[in-house]
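Novice:
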Amino acid sequence: MLKQPSNGLSNGAGGSHDHANHVPRAWRKEASVYQVYPSSFKDSNGDGIGDIPGITSKVGYIQQLGVDIVWLCPIFKSPQADMGYDISDYCHVHEPHGTIENVEELIQGLHSPGMKCLLDLVVNHTSDQHNWFEQSRSSLSNSHRDWYIWRKPKYDSAGNRQPPNNWKAIFGGSAWEYDEQTDEYYLHLFLKEQPDLKWDHPPVRDAVCEVMRFWLDRGCDGFRIDAINFISKPPGLPDDRSENRWNMLGLEHYANGPRLHEYLKVIGGVLREYDAFSVGDMGHLTDLDEVLRSVGADRGELAMVFHFEIMDMDHGSGGRYTFRQT
Numbered sequence: 001m002l003k004q005p006s007n008g009l010s011n012g013a014g015g016s017h018d019h020a021n022h023v024p025r026a027w028r029k030e031a032s033v034y035q036v037y038p039s040s041f042k043d044s045n046g047d048g049i050g051d052i053p054g055i056t057s058k059v060g061y062i063q064q065l066g067v068d069i070v071w072l073c074p075i076f077k078s079p080q081a082d083m084g085y086d087i088s089d090y091c092h093v094h095e096p097h098g099t100i101e102n103v104e105e106l107i108q109g110l111h112s113p114g115m116k117c118l119l120d121l122v123v124n125h126t127s128d129q130h131n132w133f134e135q136s137r138s139s140l141s142n143s144h145r146d147w148y149i150w151r152k153p154k155y156d157s158a159g160n161r162q163p164p165n166n167w168k169a170i171f172g173g174s175a176w177e178y179d180e181q182t183d184e185y186y187l188h189l190f191l192k193e194q195p196d197l198k199w200d201h202p203p204v205r206d207a208v209c210e211v212m213r214f215w216l217d218r219g220c221d222g223f224r225i226d227a228i229n230f231i232s233k234p235p236g237l238p239d240d241r242s243e244n245r246w247n248m249l250g251l252e253h254y255a256n257g258p259r260l261h262e263y264l265k266v267i268g269g270v271l272r273e274y275d276a277f278s279v280g281d282m283g284h285l286t287d288l289d290e291v292l293r294s295v296g297a298d299r300g301e302l303a304m305v306f307h308f309e310i311m312d313m314d315h316g317s318g319g320r321y322t323f324r325q326t
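Using full-length UniProt numbering, read the sequence shown as starting at 1 and increasing by one per residue.
(1) Once the 5 residues before and after residue 345 are set aside, which same chain residues still bring their CB inside 8 Å of it?
(2) Can you say whether C117 is buried or exposed, counting buried as having 16 or more other CB atoms within 10 angstroms of its CB?
(3) Does the distance from the CB of P74 to the CB of Y85 come in under 8 Å?
(4) If you follow the beta strand (DSSP E) that Y90 is part of, which residue opens it and which one closes it?
(5) Between which two residues does the beta strand (DSSP E) containing R281 stretch?
(6) In whole angstroms, what separates the C-alpha of H130 from that of D289?
(7) Can you tell me whether I62 is helix, strand or coil according to DSSP?
(8) Going straight from the alpha carbon of V70 to that of F171, what length do you get?
(9) Please work out which residues of its chain come closer than 8 Å, Cβ to Cβ, to A255, disregarding the five sequence neighbours upstream and downstream, and give them in chain order.
(10) Which whole-angstrom value is the C-beta distance of I55 and L106, which I expect to be below 8 Å?
(11) Label Y155 either buried or exposed according to how many other C-beta atoms from any shown protein chain fall within 10 Å of its C-beta, with 16 as the threshold for buried.
(12) For the alpha helix (DSSP H) that F41 lies in, which residues bound it at each end?
(13) Have a look at G236 and E273 and give me their C-alpha separation to the nearest angstrom.
(14) Report yes or no: do three or more beta-carbon pairs, one from the stretch 178–196 and one from the stretch 214–221, lie closer than 8 Å?
(15) Measure from the alpha carbon of V59 to the alpha carbon of each residue in D179, Y34, A169, then state which is nearest.
(16) I'd like to know if the stretch 260–267 and the stretch 296–303 are in contact, where contact means that at least 3 CB-CB pairs between them fall below 8 Å.
(17) Near S6, which residues of its chain fall below 6 Å by C-beta distance, leaving aside the five closest residues on each side in sequence?
(18) Measuring straight from C-alpha to C-alpha, what distance separates W150 and L187?
(19) Suppose you measure from the CA of W147 to the CA of Y61; what does that come to, to the nearest Å?
(20) Could you check where the beta strand (DSSP E) with L184 kicks off and where it finishes?
(21) Using only the alpha-carbon positions, how far apart do E134 and F306 sit?
(22) Kindly indicate the opening and closing residues of the beta strand (DSSP E) around K116.
(23) With DSSP as the reference, label W27 as helix, strand or coil.
(24) Could you have a look at M1 and say whether DSSP puts it in helix, strand or coil?
Structure (structure tokens):
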């Protein structure tokens, strides 16, 4: 993102002005963002792991770089199967990183010189050690059963148990994991330790909104939301018969699914309550109209997205855009 003078951050709803077109420009679109991976940034207590107090001790250094927004990679409680993107408790901080009070102190430290704090939020899936999933897998009749995506096995002609469909996980292998306790499979688009939440189930959406409010009430200014365009899966979860350049069966069904924008409006509604902003991590997004639908000013969904077809231009041939000599 481009750098804007820090005085453009004095009001979350304000920004600079495009005098040529007389269109107000949102400050966040010209802000400089500094990404911090907490575990490796600064260790304040000598245990060899970076932590929140360590980041707080470097606020002055970060400010001197001309930073407007600090984006914290996941800080929530996690077994760390996927570097914190497997969250086991959204309302507690991963113990080696510190405490909620430490996070509040960091946010205050960033706000004091006019910087803002963006938290990494993962709500397509949780850790399999999250209490929600532990309840969900405990029995077919548990009240949290429908918080995740469960399906009965299929069987081939020889009677061998098979996954419910042919979808592949982004990290390899089947996107389904068999659970012996209830004789069903659960869906995981990433690791088997990261079961997908069932956004079709209203209590899931309500719970995500409460998580957002929990951290917005503590002063965070918004969220970078991981894998957000994967949250809507199609009815029936059909087999994928398509081919795509990523060689991931299922992608054409779960990327930008049928109720995605309905769910993004739910997220956007919470953000508007706090004048907060969002950045959507939207992988495998090939339709430019889909980008516009996600970030349109009149849509009430996301403020910005990562558009990987542009970000990945240096990854070689095969994408929408490629470098060429002129």
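For each residue, glycine too, the CB sits at the ideal point set by N, CA and C.
Specialist: Answer, in terms of the structure:
(1) The structure shown has nothing for residue 345, since the chain only spans 1 to 326.
(2) buried
(3) yes
(4) 89–93
(5) It should be noted that the sequence gives Asp, not Arg, for residue 281. Its beta strand (DSSP E) spans residues 277–282.
(6) 36 Å
(7) helix
(8) 28 Å
(9) N229, F230, G283, H284, L285
(10) 6 Å
(11) exposed
(12) 38–41
(13) 35 Å
(14) no
(15) Y34
(16) yes
(17) Legend: pLDDT at S6 = 39, less than 50; position of this residue unreliable, no value from coordinates given.
(18) 7 Å
(19) 43 Å
(20) Reading off the sequence, residue 184 comes out as Glu, not Leu. Counting along the chain, the beta strand (DSSP E) containing E184 begins and ends at 184–187.
(21) 32 Å
(22) 116–122
(23) helix
(24) Interpretation of M1 is limited by its pLDDT of 39, a score under 50 that renders its predicted location unreliable; no figure is taken from the coordinates.
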